[in-house]
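Protein chains in written order, with this note's numbering: chain A, 1 to 500; chain B, 501 to 1520. Just so it is clear, CB atoms sit at the ideal spot from N, CA and C, and this is done for glycine as well.
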Amino acid sequence: MKTYNFKKGLTLLMASVLLFSCTPFDSLTDDPNKATSVPPSMLLSEVLNNVGDGGPWSSAQRDNQFWVISFDYYGNQDYNWGAINSYKYNTLANVVAMEKEAQGLDNQDKYEALGKFFKAYFYDYMTKRVGDIPLSESLKADASPAITKPKYDSQKEVYLAILDLLEAANDQITKAKAKVGNSAILGDFFFNGDLDKWQRTINSFHLRVLINLSKKNTELGIASKFNTIISNPAKYPLLRGIEDNMVRHFADEQGNRYSLNPSNYGFNRNRNIMGATYLNLLKNNNDPRIYIVADPAPFYFKANDPKNLNAYVAANTGDDQGQMQTDSDAGKYSYPNESRYYSNFKGEPYIQIGYSEQEFTIAEAINRGWVNGGNAEIHYLNAIKASMAFYAVAQDDIDSFLLKPNVTYKGNTTAGLNQILTQKYIAFFNNSGRESYFNYRRTGIPAFNVGPANNNGGKIPNRWKYPVSEFENNSSHVKAALSSQFGGSDDINAAMWMIK
Amino acid sequence: MNLLLMLTTSLIFAQTTLFKGNVVDEQKLSLPGATVLVKGKTTSVVTDIDGNFEIQIPKGNEIITISYIGFNSVDFNTSKLKTAVIVLKSNSENLEEVVITALGIKKEKKRLGYSVQEVKGDLTKSRDPNVMNSLSGKVSGLIVASSAEFFTAPKLYLRGKQPLIVVDGVPLGTDTYNISPDDIESINVLKGANAAALYGSDGGNGAVQITTKRGTKDSRGFVVEFNQNTIFQGGFNAVPKTQNSYGPGSYGNYAFKDGKGGGINDADYDQWGPKFDGQLITQYDSPLDANGNLIPKPWLARGANNFNNFMETGILETSNLAIASQFDKGNVRFSMSHTYQKGINPNTKLNIYNFNLSSKYNFSEKTSIDASANFNFQTSPNNPNVAYGPNSYIYNMLIWGGADYDVRDLRNYWQEGKEGIQQKNFEYTRYNNPYFMAYEWLKGVQTNGYTGQVTLKHEITDNFDASVRTNAALENEFRNEKFPYSMTTYGREKAQGDYKEWYNYKLKSYTDFMLNYDNTFGDFEIRSTLGANINIQKNRNLYATTDYLIVPGLYTLSNTQTPVQPSSYRSHYETYGYYASTDFSYKSFLFLGATGRIDKDSRLPEKNNSFFYPSVSLSAVLSEVLNIPSVDFLKVRGSFAKVGSSLDIYSNLNTYALNSPFAVNGATYNPAYVNSVLSNENLKPAFNSSTEFGLETQLFHNKLGFDLTYYENKNGPQIFDLKYSVASGYDGKKQNGITTKTKGWELAVTATPVKTKDFRWNVRLNWSAYKEYLEEVYGDITNNGQIKIGDRVDAYYITDFMRTQEGQLIVGSDGKPLKNAYQTRIGYAAPKWSAGLANNIIYKNFSLDFSLDGRYGGKIEDYVARKMWQSGRQVGTDTPERANDVQGIKSYVADAVVVTGGVLTTDGQGNVLSDTRTFAPNATKIFYQDYSKSYNGQSAANIIDKTFFKLREVNLTYTFPKKVLTKTFINNASISLIGRNLIYFAKHKDIDLDQFNDEKGSPLQTPTVKSYGLNINLKF
């Protein structure tokens, strides 16, 4: 009887144990929450989210001196730059994965063409910020044999590779366009899969890369490369107008709200002040865009003379923030235009790569004598008009602006070049990441402001430092790169190859 | 019933004689609580506090047996005697305290070759809602980092790592709020892998083992116990101190218009505003003039006591009723606990209902079943979020909020005519009305936990027994958050409400089969166990949120402005373990133990998912063979153990993770990205090994005892992400590597300085210290991030201010301090040592317990102070220069130098390549506000010492004498005055350092308070 009880109990217990147990191990190893394969469109959406460098009213736009912040708690413009905010290799790994996932699909060429462009885009993004970067040995952690500490390639080698990638991207997208009826590219919030617009953007970006290498014209034959593109629009179609711009549209959506909007007015209004480097250029030329982008300073505003430019007072980037805040509290500064930037969640579209920039770039190339038989003035005026169109300036105002002596093109001279670069800077306002800064770094135009708030010895730096993680995980290569470029010092004021 | 019958018979027949005795030890000290039994009968009594007893001796059964733990039992013939003093001899063998070791196996403590410490003292008196907090200072090597937050379990660190919590031999499947101290029989701490190896992977850091009560030891065979605690919580131990001389604004400027940026600094402001001088300023509650403009009113520190006025006195009430019975076929115990807590934050409460039923039934002398069930319901309708942000009262009231308003004026928090839509507040952009938060922003949690356990045991022969034990624990947690219209927090600035829900489901099943063998061969004894274990864990989580609400106040997921974004997570793993353990003993002198375990774990790569690990221990009771004067007991021990462990589930797979979908212009996009850490199919389990040596001794008739341990824990090779250059496309790969070594000392001292008939004083001291060093990384890699091989892993690096070689602060041309472009070490995060001192003083019927514990050394950033220096609310910001700021005069000159020429060149890691700088004294006058933010408001200026001590527990108990109770139905009664955390000793009292061990930063914290109250304990 006793044994019986025990056996019965044991059986019961065993049964209860079995209820919970004995799932074969191989069915437990896979993660039910993650995918082993995804459509390339999902990777494209991720990559596109990483295009660019801050958005409108970001710190990038303060480095560009378009606006200044008076509230030290939320930031400064002291130019005491540290390391590059992010190496883009993780994004590049997603580009590689996108190409891999597109293998064998009938839209493989389409994704691959974009893949080549993104590689060119992100390598350019990194190299122009720091100098030499790994390229030839990069992205090989999962290759066989794996390279876990890639060597650094010289900036020259990097740019040669970027230019090759852009050529190849154009070729492949031409091929992809010819394959009619293939499945489209999905996950693309810039052009909704429109390959023609992508191709124009790629070539426009190609021109950006070339003009940024203007100091290496002789070494790399930049002029002839530029000429090849400009003289063959059939092979290298370019942006035709602002409707071709690569832009991000904002809306009242989670994560997609314009950075200034009604719900953050109280945080930013009296702290986000128009930057003098930019606003004074508008003021000096009586530029109609000034009334669209900025509000007059309340302290100086006269209701009976609303368009008086004396009320448009910007703060210098180099000014002490404490004094700036006190003056702002007294209403002595111009702020971003309230109705344009604070009244809704859409704001204005953010241009990544735009027609106006492209036209200024072509004008500059012609001014420099790179292009056979081009007319710089036409492109210069196209560019200004494109910017005016972006702000929907009235035609009368545009016409009278274009006739101003400072604005009419002074010819393919240094004075003309200054005009092109100055107007390019104005048209860049709050757009295209740090391109304004890179143009300034290359040309010195327009003059950037420095003052007591500058914490970099009164200088605008030339570069960012290498990421700290590289000193921990790829130390000998990054140190070799520093010694071959800058005598071993990770100096933000040292000049890299492309601007020498 | 039997008892009642017996009492009746003795009354009627009176065939007995009364015998009065007094039981003492060899030092003639009374022994309270000794059991006196009439031999051959069931009649028994217990000696009182003075060792006295009275017993009716039936005719023909004149022999009584007196027994007491630690003493030899004595048979005493009472015939012809009416009274006697009976002396019990202490039995050195009775130092053989029995402790529960891994898997619930009972062993005599002296046999153990590793460190086990039993928690002494009453856990049911000065209690906390979470019983783990009662372990503070009671075990050497165990740090209880008690949280300042409501309904938040403490973090436990055993030798610096998180131990496993075990209940009745099985790892706890639910949470520690499920354990009622009234149900606890004993708590043993198995310190480290050496003791807990049999628990498998989870036991690698040691275990806190709780044994719950079974039946009763009451001689009557049954008991009804009632324990009631009422504790009030109030009086701050640690709270940030504020200045109340200046109000909101910047550089002395402030004027309210709409609280949304329309006035001067009236939105998202700092506390650098105008001085409270009664001047006229427009304010949030200014009356309106005929044109609808605000009328300025006197600017006064109306709310200097806002925080004190807002916070409330907390109440903690716990009651427990337990009914237990012991009978010849087994035992049964039922216990019911209710904990009610009203938090110190307004509108917070917690209810915990805990039901426990346990029973043992002996089918026969050889076969028994033991079963228990626990049901636990926890509910708290509102759990404030203290994290830094507009959700926090500290943020709203002590850091960024000022004294310009009286919080009591905001108790009716809706704006008139906008009830349900718009809060009334002193600002309308960043900050929230504290009462509005308390009563409308509700973060509720409900948890139901169920645990069931059955053990079947059978003695096969005299030497063999077998048992099977299975435990299943299920926890269902539901959380939700109601976020009202007009409330804002980070990322929710549109202020149109939200609703969120979380469902978490957790199942743990744990089953052991064990075969035990026990035999003696002459002077040798052998005890062995063979076992197998199945462990199953499943988790399911669901979360969904609205993206702002359409209908204000309607908290349902469908009421969302854009489609709901839900997310889910599931996981499931199993481990199978096979283990063996053998203990040999020679006489009662030499003990050798060994264990081995093989685990198979579904989380590991298939190739390497089975792994073996052993442990071995040796101890010798030298006092058995050596006769050293004054030494009652002396034991030395040594042990080595290795424990293998698994990796985080699903962390070794090459997968794509899906990011949250997002919308651009109405279209939805679903991004996915590559897992940035590559998997490794050759990955092996992680290992952890520990070596320890110990010495235990009892001296001077057990009046003084020491237990000293030295250990070295080798943590690794672990499983870690071997870092690649990011340029490789991946952040790294899963690898076996990183080995750290923890070296530590533990000391437990027990002493009885005074022991007389009426007065006894016991002291217990626990002290421990450890340091953890990086020993190996991987291949030829010599560093793990900033930590180099040979350095302590808790080295604390910060970006310090730039200084000259002589240490003088360097400021820029703007007069503000400059910071280094690299990080430097300023110390270590973990404390140097921790200690606890407990005293127990008994005088007649009074008993006083008090304990102190704390930690010494270690560094942490005082985050709240840093933020208050930035905001201008820190009490120290009220400086003379500040009075000039508000006049628009710059007057602060930092005691520093400026660089006049030359350059400092460093590499990326701060090593100086060249330094040609020249300096001149700083003469730049700046606003004090700018200095406070740029110096005091930086990390480097707020690194503080972690040293603190607390007067942790004070209990004064009065036990009612037996004779008072004889005429009542109450068998035992005591009443206690209790206190907890009564005094906090620390240099900086703006934060309570108790919750930190090796943390480098301090999150915001609800101020901690003292607890004091009353406990009543009754036995029927």
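- In the structure shown, the three-state DSSP call for asparagine 90 of chain A is helix.
- Contacts between arginine 269 of chain A and chain B, judged by CB atoms closer than 9 Å, involve Lys760, Gly761, Gly762, Ala767 in chain order.
- A contact between stretches requires three or more CB pairs, one per stretch, nearer than 8 Å, and the stretch 750-765 of chain B fails this requirement with the stretch 713-729 of chain B.
- Under DSSP, arginine 1040 of chain B takes part in a beta bridge, and its partners are B/Tyr1005, B/Arg1070.
- C-alpha of serine 1502 of chain B to C-alpha of tyrosine 1296 of chain B: approximately 14 Å in a straight line.
- Burial check for alanine 146 of chain A: the Cβ neighbour count within 10 Å stays below 16, so the residue is exposed.
- Contact between glycine 920 of chain B and glycine 1053 of chain B holds: their C-beta atoms lie close to 5 Å from each other, under 8 Å.
- In this structure, serine 1009 of chain B keeps its C-beta atom at 7 Å or more from the C-beta atom of isoleucine 1026 of chain B.
- Along the stretch 926-940 of chain B, the positions whose C-beta sits under 9 Å from a C-beta of chain A are Glu927, Tyr928, Thr929, Arg930, read in chain order.
- The residue among A/Val180, A/Leu220, A/Asn50, A/Glu167 with its C-alpha nearest the C-alpha of phenylalanine 205 of chain A is A/Glu167.
- Look at tryptophan 370 of chain A here: in three-state DSSP terms it is coil, with no helix or strand label.
- Under the 10 Å beta carbon count, isoleucine 162 of chain A is surrounded by 16 or more other beta carbons and is classified as buried.
- Taking the CA atoms as reference points, glycine 255 of chain A sits about 7 Å from phenylalanine 1162 of chain B.
- Using a Cβ-Cβ cut-off of 7 Å, aspartate 31 of chain A counts as an interface residue toward chain B, since at least one Cβ of chain B sits closer than that to its own.
- For the set A/Glu219, A/Arg200, A/Asn456, A/Thr361, the Cα lying nearest the Cα of lysine 235 of chain A is the one of A/Arg200.
- Here the stretch 1484-1503 of chain B makes no contact with the stretch 704-712 of chain B; the two share fewer than three CB pairs at distances below 8 Å.
- Look at tyrosine 1173 of chain B: its C-beta is under 7 Å from a C-beta on chain A.
- Look at aspartate 1314 of chain B: its C-beta is under 7 Å from a C-beta on chain A.
- With the rule of 3 Cβ pairs closer than 8 Å, the stretch 998-1016 of chain B counts as touching the stretch 957-971 of chain B.
- Only residues of its own chain outside the window of five on either side were considered, and among them Tyr1428 have a CB closer than 7 Å to the CB of threonine 1379 of chain B, listed in chain order.
- Taken through DSSP and simplified to helix, strand or coil, alanine 495 of chain A comes out as coil.
- With fewer than 16 other Cβ atoms from the protein chains shown falling within 10 Å of its own Cβ, serine 231 of chain A counts as exposed.
- For valine 1293 of chain B, there is no enclosing alpha helix (DSSP H), as DSSP gives it neither H nor E.
- For the 7 Å CB-CB criterion, isoleucine 679 of chain B and valine 639 of chain B do not form a contact.
- The Cβ of lysine 34 of chain A sits closer than 7 Å to at least one Cβ of chain B.
- Under the three-state reduction of DSSP, tyrosine 1322 of chain B is assigned to coil, being neither helix nor strand.
- The shortest C-alpha to C-alpha distance from tryptophan 1267 of chain B to any of B/Pro532, B/Val524, B/Gly637, B/Glu526 is the one to B/Gly637.
- Histidine 249 of chain A sits in coil when the DSSP states are folded into three classes, being neither helix nor strand.
- Counting along the chain, arginine 979 of chain B sits inside the beta strand (DSSP E) bounded by residues 964-985.
- Looking at A/Lys119, A/Arg257, A/Ala143, A/Met498, the one whose alpha-carbon comes closest to that of aspartate 164 of chain A is A/Lys119.
- The closest CA to that of glutamine 61 of chain A, considering only A/Ala427, A/Ala480, A/Gly444, is found on A/Ala427.
- The residue from B/Tyr751, B/Asn572, B/Glu1106 with its alpha-carbon nearest to that of glycine 773 of chain B is B/Tyr751.
- By the CB criterion at 7 Å, arginine 271 of chain A and phenylalanine 71 of chain A fall inside the cutoff.
- Under the Cβ criterion of 7 Å, methionine 42 of chain A is counted among the residues facing chain B.
- Remark: three or more beta-carbon pairs, one from each stretch, lie closer than 8 Å, so the stretch 309-323 of chain A and the stretch 442-458 of chain A are flagged as touching.
- Around the C-beta of phenylalanine 519 of chain B, 16 or more other C-beta atoms lie within 10 Å, and the residue is accordingly described as buried.
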